[in-house]
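A.B. asks: Numbering (the working numbering), first residue to last: 299 to 651.
Glycine is no exception: its CB is placed at the ideal position from the N, C-alpha and C atoms.
Here you go:
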């Protein structure tokens, strides 16, 4: 697990069609938005333009996001109202329950769908629902069979987005297993958008994302419905630990990953609030921002397909580094506000695709 304190890119989405999607996403302003102190709690929400997207109705309402991880604290005040109880499950062989002792999955879920309840922070798609799928084994890793089962279960539970903040660089690891690749292909063929973290090995020579994110380079698996996420620091710079885009450059986004704040899930008594906060960092949380953005976008336009949503998020990014998609920054920085509202000149996005 990463922790640190129909063809690819939208088959059938023509330039005319993309322009219509971009310019047709404007919605009436939404009332009852999260408080400014909730937005200020962690820098990532504002940095991707989420508040502007919320004003256009992009709050994730009606969208289920599956978080495949080490479990989620389902009774914490920041998550209790966001959990899809019917779909959530411990899919591992050990069957220890959805909530585990570790907080990584809860932190990712909070970034995606944290409550707008007046305390602490708020998620990117705060009206979305989390399908919490615990898949870790008794030693803290992930078995291929459990990961594949979790992906299949997310698809069967009608998740529109799957968020996977885990990985391994070893081609022989469970994360790189054909079982996982096949399950991912089944999910994307079914119309699910899958977001995966790039990995935290950039400062030790990594040149490609870890597995399963590396599967995004295979059109037969990705089907235009996978995005890989690398992580930014609060100053907007790429964190050196973030695995670069490499061969996934066309489906890779940078998003807030380090210097983030989250509730202290591990030291919170059920029913208590607000329970305090901690600092977190890693591409795991960049992936959560992208997954939340996908949920917000799909909620604003329910008829949008997964490949159209992926194309919008990738095509509306703020270019970083060398012009166009590059091996370090991929498509650039996630810009949810632009993806939802469109841009002044839709052709500028179309040409990037």
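Under the three-state reduction of DSSP, which class applies to residue 631: helix, strand or coil?
C.D. replies: Along the chain shown, one-based indexing puts residue 631 at 333. In this structure, residue 631 counts as strand in the three-state DSSP scheme.
A.B. asks: Give me the DSSP bridge partner(s) of residue 616.
C.D. replies: In the chain shown, residue 616 corresponds to position 318, counting from 1. In DSSP, residue 616 forms a bridge with 631.
A.B. asks: Find out if the Cβ-Cβ distance for the pair residue 639, residue 351 is shorter than 9 angstroms.
C.D. replies: Indexing the chain shown from 1 puts residue 639 at position 341. Indexing the chain shown from 1 puts residue 351 at position 53. Yes, Cβ-Cβ distance for residue 639 and residue 351 is below 9 angstroms.
A.B. asks: Where does the unbroken beta strand (DSSP E) through residue 527 begin, and where does it stop?
C.D. replies: Within the chain shown, residue 527 is the residue found at index 229, counting from 1. Residues 524-530.
A.B. asks: In the DSSP assignment, find the unbroken beta strand (DSSP E) run with residue 459 in it and report its ends.
C.D. replies: Working through the chain shown from its first residue, we reach residue 459 at position 161. That run of the beta strand (DSSP E) goes 459-462.
A.B. asks: At the level of alpha carbons, what is the spacing between residue 632 and residue 606?
C.D. replies: For the purposes of this step, residue 632 is taken as the residue at position 334 of the chain shown. For the purposes of this step, residue 606 is taken as the residue at position 308 of the chain shown. Spanning the two alpha carbons is a distance of roughly 16 angstroms.
A.B. asks: Apply the 10 Å Cβ neighbour rule to residue 565 and answer buried if 16 or more other Cβ atoms are within range, or exposed otherwise.
C.D. replies: Looking up residue 565 in the chain shown gives position 267. Burial call: exposed.
A.B. asks: So, do the stretch 423-442 and the stretch 356-364 have three or more beta carbon pairs nearer to each other than 8 angstroms?
C.D. replies: Yes, since at least three Cβ pairs between the stretch 423-442 and the stretch 356-364 fall closer than 8 angstroms, the two stretches touch.
A.B. asks: Between the stretch 414-422 and the stretch 443-453, do at least 3 Cβ pairs fall closer than 8 angstroms?
C.D. replies: The stretch 414-422 is not in contact with the stretch 443-453.
A.B. asks: DSSP three-state call for residue 610: helix, strand or coil?
C.D. replies: Residue numbering aside, residue 610 sits at position 312 when the chain shown is read from its first letter. In this structure, residue 610 counts as helix in the three-state DSSP scheme.
A.B. asks: What would DSSP say about residue 485, mapped onto helix, strand or coil?
C.D. replies: By one-based count along the chain shown, residue 485 stands at place 187. It is helical.
A.B. asks: Which complete beta strand (DSSP E) runs does the stretch 424-508 hold, if anything under 3 residues is left out?
C.D. replies: Within the stretch 424-508, the complete beta strand (DSSP E) runs of at least 3 residues are 427-432, 459-462 and 491-495.
A.B. asks: Write down the C-beta distance between residue 509 and residue 555 rounded to the nearest angstrom, noting that I regard them as a contact closer than 8 angstroms.
C.D. replies: Taking the chain shown and counting its residues from 1, one reaches residue 509 at position 211. Taking the chain shown and counting its residues from 1, one reaches residue 555 at position 257. With 8 angstroms as the limit, residue 509 and residue 555 do not qualify as a contact, their Cβ atoms being about 19 angstroms apart.
A.B. asks: Can you grab the Cα-Cα spacing for the pair residue 394 / residue 388, in whole Å?
C.D. replies: Stepping through the chain shown from its first residue, residue 394 is reached at position 96. Stepping through the chain shown from its first residue, residue 388 is reached at position 90. Those two C-alpha atoms are separated by around 7 angstroms.
A.B. asks: Contact between the stretch 479-486 and the stretch 519-531: three or more CB pairs below 8 angstroms?
C.D. replies: Counting Cβ pairs under 8 angstroms, three or more are found: they touch.
A.B. asks: Would you mind working out which of 619, 615 and 557 sits nearest residue 342, comparing C-alpha positions?
C.D. replies: Here the question's residue 342 lines up with position 44 in the chain shown. For the residues 619, 615 and 557, the minimum Cα distance to residue 342 belongs to 557.
A.B. asks: CB residue 435 to CB residue 392, shorter than 9 angstroms?
C.D. replies: Position 137 of the chain shown, counted from the start, is the residue given in the question as residue 435. Position 94 of the chain shown, counted from the start, is the residue given in the question as residue 392. Their beta carbons are under 9 angstroms apart, which means residue 435 touches residue 392 by this criterion.
A.B. asks: Return the Cβ separation of residue 529 and residue 511 in integer angstroms, given the expectation that the two are a contact with Cβ distance under 8 angstroms.
C.D. replies: The count along the chain shown starts at 1 and reaches residue 529 at position 231. The count along the chain shown starts at 1 and reaches residue 511 at position 213. Actually they do not touch by this definition, with Cβ atoms about 12 angstroms apart.
A.B. asks: Assign residue 444 to buried or exposed, taking buried as 16 or more other Cβ atoms, counted over all protein chains shown, within 10 Å of its Cβ.
C.D. replies: Working through the chain shown from its first residue, we reach residue 444 at position 146. Label assigned to residue 444: buried.
A.B. asks: Cβ of residue 539 versus every heavy atom of the ligand NAD: is any distance shorter than 8 angstroms?
C.D. replies: Because no ligand of any kind appears in the structure shown, any question about the ligand NAD cannot be addressed here.
A.B. asks: For residue 551, write down the residues that DSSP places opposite it in a beta bridge.
C.D. replies: Residue 551 sits at position 253 when you count from the first residue of the chain shown. In DSSP, residue 551 forms a bridge with 527.
A.B. asks: So, for residue 386: in the same chain, excluding its five sequence neighbours on each side, which residues have a beta-carbon less than 6 angstroms away from its beta-carbon?
C.D. replies: Along the chain shown, read from residue 1 onward, the residue named residue 386 stands at position 88. The answer, listed in chain order, is 396, 429 and 430.
A.B. asks: Note down, in chain order, each residue of its chain lying with its Cβ closer than 6 angstroms to the Cβ of residue 546, except the 5 sequence neighbours on either side.
C.D. replies: Here residue 546 refers to the residue found at position 248 of the chain shown. If we look at residue 546 and ignore the five residues flanking it on each side, its Cβ neighbours are 507, 514, 515 and 526.
A.B. asks: Thinking just about the alpha-carbon of each residue, which of 573, 344, 407 and 630 is nearest to the one in residue 368?
C.D. replies: To locate residue 368, count along the chain shown from 1; it is residue 70. Of the candidates 573, 344, 407 and 630, the one whose C-alpha sits nearest the C-alpha of residue 368 is 407.
A.B. asks: Beta carbon of residue 580, beta carbon of residue 495: below 9 angstroms?
C.D. replies: The sequence position of residue 580 within the chain shown is 282, counting from 1. The sequence position of residue 495 within the chain shown is 197, counting from 1. In contact: residue 580 and residue 495 (Cβ atoms closer than 9 angstroms).
A.B. asks: Between residue 383 and residue 478, what straight-line distance do the alpha-carbon atoms span, to the nearest angstrom?
C.D. replies: The residue labelled residue 383 in the question sits at position 85 within the chain shown. The residue labelled residue 478 in the question sits at position 180 within the chain shown. Cα to Cα, residue 383 sits roughly 25 angstroms from residue 478.
A.B. asks: Which same chain residues, not among the five before or five after residue 627, have their C-beta less than 6 angstroms away from its C-beta?
C.D. replies: Position 329 of the chain shown, counted from the start, is the residue given in the question as residue 627. Cβ neighbours of residue 627 beyond the five flanking positions: 552, 618 and 619.
A.B. asks: With 16 as the cutoff for other CB atoms within 10 Å, does residue 541 come out buried or exposed?
C.D. replies: On the chain shown, residue 541 is found 243 positions in, with the first residue counted as 1. Residue 541 is buried by the Cβ-count criterion.
A.B. asks: Under 9 angstroms between the Cβ atoms of residue 505 and residue 544?
C.D. replies: Taking the chain shown and counting its residues from 1, the one referred to as residue 505 is at position 207. Taking the chain shown and counting its residues from 1, the one referred to as residue 544 is at position 246. Yes, Cβ-Cβ distance for residue 505 and residue 544 is below 9 angstroms.
A.B. asks: Tell me whether residue 577 is buried or exposed, calling it buried when 16 or more other Cβ atoms sit within 10 Å of its Cβ.
C.D. replies: By one-based count along the chain shown, residue 577 stands at place 279. That one is exposed.
A.B. asks: So, does the CB of residue 603 fall closer than 9 angstroms to a CB anywhere in chain D?
C.D. replies: Among the chains in the structure shown there is no chain D, since it carries only a single protein chain.
A.B. asks: Within the same chain, show all residues whose beta-carbon is closer than 6 angstroms to that of residue 635, passing over the 5 residues directly before and after it, in chain order.
C.D. replies: Position 337 of the chain shown, counting from 1, holds the residue named residue 635. 347, 350 and 351, listed in sequence order.
A.B. asks: By Cβ distance below 7 angstroms, which residues in the same chain neighbour residue 482 in space, the five residues on each side in sequence not counted?
C.D. replies: Within the chain shown, numbered from 1, the residue matching residue 482 stands at position 184. So the list reads 449, 492, 510, 513 and 519, once near-sequence residues are dropped.
A.B. asks: Taking just the CA atoms, how far does residue 585 sit from residue 363?
C.D. replies: Here the question's residue 363 lines up with position 65 in the chain shown. Here the question's residue 585 lines up with position 287 in the chain shown. Cα to Cα, residue 363 sits roughly 12 angstroms from residue 585.
A.B. asks: Quick one, are the C-beta atoms of residue 331 and residue 414 less than 9 angstroms apart?
C.D. replies: On the chain shown, residue 331 is found 33 positions in, with the first residue counted as 1. On the chain shown, residue 414 is found 116 positions in, with the first residue counted as 1. Going by C-beta atoms, residue 331 is nearer than 9 angstroms to residue 414.
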